[in-house]
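In what follows, a structure is listed as structure tokens, so that the remarks can point back to it.
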Amino acid sequence: MKIIRYIFPLLISACAIDPAATDDYTGLGNSEVATQLKHSLFFGEVAVDHTIGNLVNSPRVVNQVDRRKALEELGFICPPETDTPCSYDGSAKSIIVSADRKDTTRFVTRVHIQALSSNRVVKVESHISKTDF
Numbered sequence: 012m013k014i015i016r017y018i019f020p021l022l023i024s025a026c027a028i029d030p031a032a033t034d035d036y037t038g039l040g041n042s043e044v045a046t047q048l049k050h051s052l053f054f055g056e057v058a059v060d061h062t063i064g065n066l067v068n069s070p071r072v073v074n075q076v077d078r079r080k081a082l083e084e085l086g087f088i089c090p091p092e093t094d095t096p097c098s099y100d101g102s103a104k105s106i107i108v109s110a111d112r113k114d115t116t117r118f119v120t121r122v123h124i125q126a127l128s129s130n131r132v133v134k135v136e137s138h139i140s141k142t143d144f
């Protein structure tokens, strides 16, 4: 009986194993935008807009004479036309394995961000999509 008192809690705790998740961020790149996305990508578009909005509206971007060049230094691609928004595209691969190791879900999360410079601020809009692979 004393043995059961010690083994039973171990058996119960073994059933409470968390699922495993692996994320591959190499598709995001190495820019500052990519670094910020690693922390906010899976929280949704509002979190991405907020995080990247704070990055692009920092004084080192907003106070620059050539904001497009400053956005390019952060990782955006800016076409030569000044009225066209700068954009960033990236992706992250994820693999989630269930706690019982029977189900594996693999998906790619793609993100597209547009940054349009106006008088005083840079407006950010993002779109996130998920596809299985």
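Residue 84 in this note's numbering is what sits at position 73 of the sequence shown, and the numbering runs on without skipping anything. Built from N, CA and C at the ideal position, the CB exists for glycine as well. Please read all numbers here as calculations on a predicted model, not as lab measurements.
Boundaries of the beta strand (DSSP E) in which residue i is found, first to last residue
i, result
"T33", "A31 to D35"
"V132", "Where V132 is concerned, there is no enclosing beta strand (DSSP E), given that its DSSP letter is neither H nor E."
Secondary structure of residue i, DSSP reduced to three states
i, result
"A103", "strand"
"E84", "helix"
"A58", "helix"
"R78", "helix"
"F53", "helix"
"A126", "strand"
"E92", "coil"
"R112", "coil"
Burial state of residue i (16 or more Cβ within 10 Å)
i, result
"T95", "exposed"
"V132", "exposed"
"P79", "The sequence shown places Arg at residue 79, rather than the Pro named in the question. By the 10 Å Cβ count, R79 comes out buried."
"A110", "exposed"
Closest residue to residue i among the options (Cα-Cα distance)
i, options, result
"C97", "D77, A58 and N41", "D77"
"K134", "G40, S51, I63 and K49", "I63"
"S129", "N41, V73, L48 and T33", "V73"
"S102", "P70, T142 and D114", "T142"
"G38", "S137, V122 and H138", "V122"
"I139", "I107, S109 and D100", "D100"
"A32", "K104, Q47, V59 and L127", "K104"
"I106", "S42, D60 and F144", "F144"
**OP:** Inspect the CB distances between the segment 111-118 and the segment 46-66 and report whether three or more fall short of 8 Å.
**Re:** no
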